[in-house]
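Structure first, then comments.
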Amino acid sequence: ATEIHLASRPHGVPTLANFSTVDTELPDPGPGEMLVRNLVMSVDPYMRGRMSDRKSYTAPYEVGKVMDGGAIGEVLVANTERFKPGDVVLHSRGWRSHAVLPAAQAAKLDPDAAPLTTYLGVLGMPGLTAYAGLLRIAEFRPGDVVFVSGAAGAVGSVVGQLARLKGAKRVIGSAGSAAKVRHLLDNLGFDAAFNYKDGPVAEQLAAAAPDGIDVYFDNVGGEHLEAAIGAANLHGRIAICGLISQYSATEPPPGPRNMFQVLAQRLTIRGFLVGDHSDLREQFVAEVAPLVKSGKLRYEETIVEGLANAPQAFLDLLAGRNTGKMLVRL
Ligand code: NDP
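As structure tokens, this is what we get:
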């Protein structure tokens, strides 16, 4: 098997030197285990956090060991009743060509129900993140003005479209290129969108949301969060989903300087992790899968070919070279 290992911990923005490609011998699967050949794997922003040795909600990757993450594979050998060779499963042993894992740590997928890749994207973890964050954490209500950052990404694109489909008064997105801004406006039905690299976020947001915002779904942190606090209406709600602008920071980033607005406007700012909201999964799939199938909710995927290119795909994700979900096909 071929595995991608964490070769060293990055200081600041990761580079290819932080990864190594290693050929290994896999053990035979034991009782209750199976051998899986990976077909597609996910690269996700949270993996940047796991490359560092700091206290977080998941354990850091170990230097010199294989990394892991969401993946879809085909069962080759199954020492279990639950699966048979040829089954396609979702599991968490990505970053490798083949994996031996307990059958209990895999879930069977129906390749005919939806394109396989969607189980890692719009109908998978990122989609559920958008659903739980918008509806449960930000307590979205029809008539809200919603602002989402990272709007052309896997999570953000679902947030914006869900808000529109559920009756938002106005949906505003920010992203990091003119092409992404066009995509939000032309393909995803956003009412307004801007490139955060074009000028101060607070100014661009004020222009896009003249009547303020009721919900901010934060994928980015930093300047975006401060701008959203400044634009929030009375009883506004802010869901802290991610702070990707700070994941590779080498110094403590500055805090929002306008915390008085949180008091004055009685804002709610609430962080969340998708893993705590798996009770919503069934409801999420029942509601969103038909929207995807009918084309009412669109999704993009940026697919990189080959396990050897997975480290570069991850670096490209952090640099914003993806539209929609970033995946690696093996
Ligand atoms: P995306 O598909 O959105 O990809 C990441 C995007 O981040 C890039 O495409 C890039 O887009 C943007 N980005 C990178 N650097 C910056 C920066 N300095 N400022 C602004 N934007 C930047 O990834 P996901 O949809 O998978 O994740 C989005 C966010 O959600 C992340 O913060 C992630 O950590 C978080 N998350 C949280 C979960 C939870 O349980 N709380 C679960 C899943 C994801 P651009 O070109 O626009 O800059």
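Here the sequence shown is numbered in our numbering, starting from 848 and rising by one per residue.
We put the beta carbon where it would ideally sit given N, CA and C, even for glycine.
In this structure, Glu880 is the residue among Asn1066, Val1132, Glu880 and Gly1023 with its C-alpha nearest to the C-alpha of glutamate 928.
Taking C-beta atoms as the reference points, tyrosine 1146 and threonine 965 count as a pair closer than 8 Å. For proline 892, the shortest C-beta to heavy atom distance toward ligand 1 is below 7 Å. Leaving aside the five residues that flank proline 1158 on each side, the residues in its chain whose CB is nearer than 7 Å to its CB run, in chain order, Ile851, Leu863 and Phe866.
Under the three-state reduction of DSSP output, arginine 897 falls in the helix class. If you draw a straight line from the Cα of asparagine 1105 to the Cα of leucine 956, it is about 46 Å long.
Placement of the Cβ of valine 1002 at a distance of less than 7 Å from at least one heavy atom of ligand 1 is found. About 7 Å separates the beta carbon of leucine 1052 from that of phenylalanine 994, a gap short enough to meet the 8 Å contact definition. Distances between the C-beta of threonine 976 and the heavy atoms of ligand 1 include at least one below 7 Å. Only residues of its own chain outside the window of five on either side were considered, and among them His1082 have a CB closer than 6 Å to the CB of arginine 1113, listed in chain order. Under the three-state reduction of DSSP output, methionine 1106 falls in the coil class, being neither helix nor strand.
At least one heavy atom of ligand 1 lies closer than 7 Å to the C-beta of leucine 1164. Shown here, glutamate 1073 sits in a helix according to DSSP, grouped into three states. By DSSP's assignment, aspartate 1065 forms a beta bridge with Ile1087.
For valine 1132, same chain residues with a beta-carbon under 8 Å away, outside a window of 5 residues either side, are Leu970 in chain order. By alpha-carbon distance to leucine 853, the top candidate from Val910, Asp934, Gly1007 and Asp1126 is Val910. Counting along the chain, alanine 1157 sits inside the alpha helix (DSSP H) bounded by residues 1157 to 1165. Within the DSSP secondary-structure output, isoleucine 851 pairs in a beta bridge with Thr868. Leucine 956 sits in coil when the DSSP states are folded into three classes, being neither helix nor strand. Between valine 1018 and alanine 1010, the C-beta spacing is below 8 Å.
With 16 or more neighbouring CB atoms inside 10 Å of its own CB, lysine 1172 falls in the buried class. Glycine 1077 and alanine 1049 have their C-alpha atoms some 7 Å from each other.
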